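Working notes for the structure below.
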Amino acid sequence: MNIIPRPKRRSACLWIFAIWLLTLAAQPGLLAQDKEIAKKLQGFDAYMTKILKDWNAPGVGVGIVAGDKLVFAKGYGYRDYEKKLPFTPTTLGQIASNTKLFTAVAAGLLVNDGKLTWDKPVRDSVPTIQFYNDQLNNTVTLRDMLAHRTGITRHDTIWFKSDFTRLELFERIKFLEPREPIRQTFLYNNLMYAAAGYLIELQSGKTWEEFVREKIFAPLNMTGTVYSIADMLKQPDYGVPYTEKRDNFELYKIPYYEDIAGVAPCGAIISNIQDMSHWLIALMNDGKYVGQQIVPTDVLKATLEPALALPNTMAETRGYWELLNSAYGMGRETTSYRGHLLTFHGGDLPGFHSQVSFLPRERIGVIVFVIGNHCASLYNTISYNLYERLLGLDQTPWSERLLELRLKGKKAGTEARAKAGAERIPDSKPSHSLSDYVGEYEHPAYGILKIGQKDRQLQFDFHKIQFPLTHFHFDRFDTPDDELYGKWSVNFQTNPQGDIDQAVMSLDEAEALFTRKPEALEPELLKQLAGTYETPTGTKFQVTMKEDNVLYLVYPGEPEENLIHYKGLKFRLKEFSDMVFEFVIENGEVKALKQRDPSGEYVSTRK
212 MNIIPRPKRR
222 SACLWIFAIW
232 LLTLAAQPGL
242 LAQDKEIAKK
252 LQGFDAYMTK
262 ILKDWNAPGV
272 GVGIVAGDKL
282 VFAKGYGYRD
292 YEKKLPFTPT
302 TLGQIASNTK
312 LFTAVAAGLL
322 VNDGKLTWDK
332 PVRDSVPTIQ
342 FYNDQLNNTV
352 TLRDMLAHRT
362 GITRHDTIWF
372 KSDFTRLELF
382 ERIKFLEPRE
392 PIRQTFLYNN
402 LMYAAAGYLI
412 ELQSGKTWEE
422 FVREKIFAPL
432 NMTGTVYSIA
442 DMLKQPDYGV
452 PYTEKRDNFE
462 LYKIPYYEDI
472 AGVAPCGAII
482 SNIQDMSHWL
492 IALMNDGKYV
502 GQQIVPTDVL
512 KATLEPALAL
522 PNTMAETRGY
532 WELLNSAYGM
542 GRETTSYRGH
552 LLTFHGGDLP
562 GFHSQVSFLP
572 RERIGVIVFV
582 IGNHCASLYN
592 TISYNLYERL
602 LGLDQTPWSE
612 RLLELRLKGK
622 KAGTEARAKA
632 GAERIPDSKP
642 SHSLSDYVGE
652 YEHPAYGILK
662 IGQKDRQLQF
672 DFHKIQFPLT
682 HFHFDRFDTP
692 DDELYGKWSV
702 NFQTNPQGDI
712 DQAVMSLDEA
722 EALFTRKPEA
732 LEPELLKQLA
742 GTYETPTGTK
752 FQVTMKEDNV
762 LYLVYPGEPE
772 ENLIHYKGLK
782 FRLKEFSDMV
792 FEFVIENGEV
802 KALKQRDPSG
812 EYVSTRK
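What the sequence shown shows, in our numbering, is residues 212 to 818, in sequence order.
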């Protein structure tokens, strides 16, 4: 998806420093002599030992920043569960959506340069961006995109496991119909951050990766931070993704998630506790790091300003009133935690989970890295526990609360999967032979669904996710219920002509309709089909071809109509699926155009 600059090689003195960090990590974890903080953290190691055991967690990294210093950094458990390699303050892991604040800040730098604006329509700065309709085109601002308040839901399956470039994803935004009115509802949307990253590229002349490295990583001395798994694996200290199986407590290794380049601005950064502490120090100190102003204060304030209020869901549904009146800014959220202002953001990719947070008034911050999907919520549990310790508050039983929910959810999932398929109608058969389902089906935003056939069984291929398809009933086929990717169900549809021409899948928050792609016709043949035709009543009309290699019907006094290629020399109109136009060629010469619908067949001759 992008060209990723290689990180600088570490010098010998940095390796010595890393070894020193590892030595300290085996101790209580204090990197600055602070007796008061050490006293407040008494019992924390024992707490973490219990946490790892209770949650079956492979490994966790914890960092605490106070004022302008990293005062505590320690790993618990393993960065590689199988090899029993210890988690350390320099263990690299994907920070996922904690990347978003880097993107919001990078965009803010261009706002200060006059190349973007927070609150004017983004099309004023970048006319090439297109949304679903003119109302959005004339309204959506950069703040709307970064605050998840465009009214467009997330559509993550568009980018997940896909090879779409950032430009291709940018161009797909116009197909995303809003689900809610703009600025009314919080609808998390990674694609808006990918688009914001592309705006940064258009307005700066540098890729998002280059811009962030130059403007943020380099001045903050984040020398170990990279963008790709390939670059991470070149380093000596990195995490390995393990998680728990769905129906038992066995930990198993899962693949790294590497198809992140297209949406890199929403989640590609790979870092460690040590480097992220530099970022957190800048955030907590109005953009200053080691006495230098790295990020303008007004940019950080803009990202912190509440852009959209969030409901008190946990309080109202669970009775957990410690967090109240949350609001999302740009790339981070604010809330009241037991009366203390807290700003934070989480990040989640398969196997890796993180949270970066701090208390602005107390200037205390916490970084938590977690390995394991089943224990992702530990970044909340641990962060809240640390703040309560550091603030001298009694400890809320977050681990007990959330562990109970986790185990109930795990049990419910196992029971639900045991009942899968109860709605199956027995002894039904597909309406067509298997070969009739084979082909490529396309959705304008989600891309291509490929249906193949092997050993008398259909094959599913979507965004690198490949499984056999088993007949469920009628024209529905399902994949196996995979441990990592779950079950995919495809329901094929027949057109009025009796052909399998569409496939429906439930993706994200709605059904997505994929239409069979016809074999492409050569432009020279399309040119041959264009011309003048005459109806049986003597009315002449035109078939024209435009620069997009698309044919149009043009009747006198009527709007032109797009002829959609169906198969062979057959075409249809968007409005009428039961109407087919078929060109007739004899001896290499176009003779006529047949129009078929349920009422019969009409033939117009070529003139």
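Every residue gets a Cβ at the ideal spot worked out from N, C-alpha and C, and that includes glycine.
Keep in mind it's a predicted model, so treat the numbers as computed, not measured.
- Inter-residue distance for phenylalanine 787 and glycine 620 is about 46 Å (C-alpha atoms, whole angstroms).
- Sequence-distant partners of methionine 259 (beyond 5 residues in either direction) whose C-beta falls short of 8 Å from its own C-beta, in its chain, are Val271, Val273, Tyr287, Ile593.
- For tyrosine 648, the three-state secondary structure derived from DSSP is helix.
- Put simply, the backbone Cα of glutamine 414 is about 27 Å away from that of glutamate 544.
- By the criterion of a C-beta distance shorter than 8 Å, alanine 803 is surrounded in its chain by Tyr744, Phe794, Val795, Val814, Ser815, Thr816, Arg817, once the five residues flanking it on both sides are discounted.
- Of the candidates Asn459, Thr726, Thr514, the residue whose Cα lies closest to the Cα of valine 649 is Thr726.
- The beta-bridge partner set that DSSP reports for aspartate 808 consists of Gly811.
- Phenylalanine 752 is bridged by DSSP to Tyr744.
- Following the DSSP letters along the chain, one finds threonine 681 inside the beta strand (DSSP E) bounded by residues 676-684.
- The shortest C-alpha to C-alpha distance from methionine 716 to any of Asp686, Gly709, Lys738, Glu730 is the one to Asp686.
- In this structure, glycine 542 lies away from threonine 508, with their beta-carbon atoms at least 7 Å apart.
- In the three-state scheme derived from DSSP, where H, G and I count as helix and E and B as strand, tyrosine 696 is classed as coil.
- In this structure, DSSP gives isoleucine 248 a helical state, which the three-state scheme calls helix.
- When DSSP assignments are scanned along the region 343-407, the uninterrupted stretches of alpha helix (DSSP H) that are 4 or more residues long and fall wholly within it turn out to be 345-348, 353-357, 377-383.
- With contact defined as three or more Cβ pairs closer than 8 Å, the region 669-684 and the region 635-646 are in contact.
- Within the same chain, Trp532 come within 6 Å of alanine 526 by CB-CB distance, once the 5 residues on both sides are set aside.
- Within 10 angstroms of the beta-carbon of threonine 302 lie 16 or more other beta-carbons, which makes it buried.
- Cβ-Cβ distances below 7 Å link methionine 495 to Val276, Phe569, Arg574, Gly576 in the same chain, with the five nearest sequence neighbours on each side left out; the list follows chain order.
- Taking 7 Å as the cut-off, the Cβ atoms of threonine 361 and valine 351 count as close.
- Scanning Leu695, Pro734, Tyr652, Asn596 for the CA closest to the CA of asparagine 702 turns up Tyr652.
- Each residue's CA atom was taken as its position, placing alanine 315 and glycine 697 some 33 Å apart.
- C-alpha of leucine 616 to C-alpha of isoleucine 262: approximately 15 Å in a straight line.
- The alpha carbon of leucine 613 has as its nearest neighbour, out of Lys246, Trp266, Ile248, Gln253, the alpha carbon of Trp266.
- The Cβ atoms of methionine 756 and leucine 737 lie closer than 7 Å to each other.
- Under the DSSP assignment, lysine 261 falls outside any beta strand (DSSP E), being part of the alpha helix (DSSP H) whose first and last residues are 255-266.
- Taking every protein chain shown into account, the CB of leucine 378 has fewer than 16 other CB atoms within 10 angstroms, so this residue is exposed.
- DSSP, read as helix, strand or coil, puts tyrosine 539 in strand.
- For the set Tyr657, Ala257, Gln739, the Cα lying nearest the Cα of glycine 799 is the one of Gln739.
- A check of alpha carbon separations from isoleucine 481 across Gly325, Asp448, Tyr463 identifies Asp448 as the nearest.
- The C-alpha of leucine 252 is placed about 7 Å away from the C-alpha of leucine 601.
- The region 757-792 is shown to contain whole beta strand (DSSP E) runs of 3 or more residues at 762-765, 772-778, 781-784, in chain order.
- The residue from Lys512, Asp345, Ser642, Leu387 with its alpha-carbon nearest to that of glycine 319 is Lys512.
- Within the model, the alpha-carbon separation for histidine 776 versus phenylalanine 782 is close to 4 Å.
- In the structure shown, arginine 457 adopts coil according to DSSP, grouped into three states.
- Separation of tyrosine 289 and arginine 572 (C-alpha to C-alpha, rounded to the nearest whole angstrom) is 34 Å.
- Per the coordinates, the alpha-carbon of valine 423 lies some 26 Å from the alpha-carbon of isoleucine 582.
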